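Single-structure report; data block below.
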Amino acid sequence: MDKTKETGNQVYRSYKDRLFRMVFREKKELLGLYNAVNGTSYTDPEALTVVTLENAIYMNMKNDLAVVMDFYMNLYEHQSTYNPNIPLRNLHYVARELRSWSNGRTIYGRQLVKIPTPRFFVFYNGRDMQPERQVLKLSDAFMNPEEDPALELKVVMLNINLGRNKELMEQCHTLLEYAQFVDRLRTCEKSMGREEAVKHTVDACIREGILRDFLLKYREEAIEMCIFEYDEEETLRQLGQQSYEEGVAVGEEQMLLRKICTKLKKGKTPETIAEELEEDLPRVKAICEAAAAFAPEYDWRSVYEEIEKQKR
521 MDKTKETGNQ
531 VYRSYKDRLF
541 RMVFREKKEL
551 LGLYNAVNGT
561 SYTDPEALTV
571 VTLENAIYMN
581 MKNDLAVVMD
591 FYMNLYEHQS
601 TYNPNIPLRN
611 LHYVARELRS
621 WSNGRTIYGR
631 QLVKIPTPRF
641 FVFYNGRDMQ
651 PERQVLKLSD
661 AFMNPEEDPA
671 LELKVVMLNI
681 NLGRNKELME
691 QCHTLLEYAQ
701 FVDRLRTCEK
711 SMGREEAVKH
721 TVDACIREGI
731 LRDFLLKYRE
741 EAIEMCIFEY
751 DEEETLRQLG
761 QQSYEEGVAV
771 GEEQMLLRKI
781 CTKLKKGKTP
791 ETIAEELEED
801 LPRVKAICEA
811 AAAFAPEYDW
821 RSVYEEIEKQ
831 KR
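Written out as structure tokens, the structure is:
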């Protein structure tokens, strides 16, 4: 489990999380999403057991949310870039979860070990046109397709861009507000710089009651996350699919630099930064030393360029 997880209805706060994950980390909001997707009407948020995989990374290489309820295991991901390999990734995720689930139970005996029934969902809000609902299959990747494959995994991909899946949005108002927020941000980006667009959108949504409570409580984290997320989305578009894994590594490094530079501006020491970000102290110290030449502004892009020069 994430070491930063809090109990009750609190948000599981992690600076490695995306805005989508932050919005739906409160059990009340997560239950609303669960009910909308599964056509249920549960009312007790505490009935949810959150089993989010540990060490989730910013570039969506791990699953976003996983919950167990009524012996169903629902794995949720959020995607802003279409990826046909999601079924294979989910196979990795569910194998890990089921290994943990069966820990302590004998799987070599005569008694059948019961496991939760898995369900896989992806919430897509990328800019590329995609249908409202489609099913991605693991068997689509098989080199030798078979009519009845011995191994199959199906992922339901739901388009959550504004105007799509209206019935789903009506059943989960928080999902609708999230779609409205993203749509407004993309509109603002057409006439403003990215940082200005993010701040303008956050403030406008607070005034108009869109994700208001969430944005009031986590305004700065949300702004930082959105700025980086849209930087990342643009980077991936430029890199293309073949360079996706390289983009993942670059994105992670840039995100860490942004966080460290933000904290350096506040006068925090490398030791404090390493503790707050749960990063190795030697790595944080090395970045802080490189960033020292750019004090007091600590522009993370300049720091990143300097580190890349040193590598060469």
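For the sequence shown, the numbering used here gives the first residue as 521, with consecutive numbering after it.
Backbone N, C-alpha and C fix where the C-beta goes; we use that ideal spot for every residue, glycine too.
Predicted, not measured: the structure shown is a model, and the values here were computed from it.
- By the Cβ criterion, the stretch 671-685 is in contact with the stretch 627-645, since at least three pairs of Cβ atoms, one from each stretch, lie closer than 8 Å.
- Taking 8 Å as the cut-off, the Cβ atoms of Cys692 and Ala586 do not count as close.
- Nearest to Ala661 by alpha-carbon distance, out of Gln830, Leu696, Pro604 and Leu568, is Pro604.
- Of the other Cβ atoms in all chains shown, 16 or more fall within 10 Å of the Cβ of Tyr613; this residue is therefore buried.
- DSSP links Pro638 through a beta bridge to Met593.
- Listed in chain order, the non-local C-beta contacts of Glu791 below 7 Å within the same chain comprise Leu801, local neighbours out to five positions each way being set aside.
- Rounded to the nearest angstrom, the gap between the Cα atoms of Glu828 and Ser822 is 10 Å.
- DSSP places Val655 in the uninterrupted beta strand (DSSP E) bounded by Arg653 to Lys657.
- The beta-carbon separation of Thr569 and Val543, rounded to 20 Å, does not stay under the 8 Å limit for a contact.
- Ranked by Cα distance from Lys634, the first of Trp621, Asn645 and Gly552 is Trp621.
- With a 10 Å radius around the Cβ and a threshold of 16 neighbouring Cβ atoms, Gly552 comes out buried.
- The beta carbons of Leu797 and Lys779 sit about 6 Å from each other, so the pair counts as a contact at 8 Å.
- Per DSSP, the unbroken alpha helix (DSSP H) holding Met689 starts and ends at Lys686 to Gln691.
- As the crow flies, the alpha-carbon of Val655 is around 28 Å from that of Pro565.
- Restricting attention to Asn685, Leu671, Glu799 and Ile743, the CA atom closest to the CA of Arg538 is found in Ile743.
- Taking every protein chain shown into account, the CB of Ser561 has fewer than 16 other CB atoms within 10 angstroms, so this residue is exposed.
- Taking the Cα positions, Glu817 is about 15 Å away from Glu825.
- In the structure shown, Gln700 adopts helical secondary structure according to DSSP, grouped into three states.
- Going by DSSP, Met663 is part of no beta strand (DSSP E) at all; its letter is neither H nor E.
- Lys674 has Lys657 as its beta-bridge partners, per DSSP.
- With at least 16 other beta carbons inside 10 angstroms of its own, Pro607 counts as buried.
- Counting along the chain, Gly552 sits inside the alpha helix (DSSP H) bounded by residues Lys547 to Asn558.
- Per DSSP, Leu736 is one residue of the alpha helix (DSSP H) stretching across Arg732 to Lys737.
- Ala567 carries a helical assignment under DSSP once its states are collapsed to helix, strand and coil.
- By the Cβ-count criterion, Glu690 is exposed, with fewer than 16 other Cβ atoms from all chains shown falling within 10 Å of its own Cβ.
- Residue environment: Lys548 is assigned as exposed (fewer than 16 neighbouring CB atoms within 10 Å of its CB, all protein chains considered).
- Collapsing the DSSP output to three states places Val718 in a helix.
- Here Ala813 is exposed. Its C-beta has fewer than 16 other C-beta atoms within 10 Å.
- Around the Cβ of Thr707, a 10 Å sphere holds fewer than 16 other Cβ atoms; the residue is exposed.
- The residue from Ile627, Pro669, Glu666 and Ala699 with its alpha-carbon nearest to that of Tyr644 is Ala699.
- Distance check between Lys783 and each of Ile793, Met775 and Val702 places Ile793 closest, using alpha-carbon atoms only.
- If you draw a straight line from the Cα of Glu666 to the Cα of Ser659, it is about 8 Å long.
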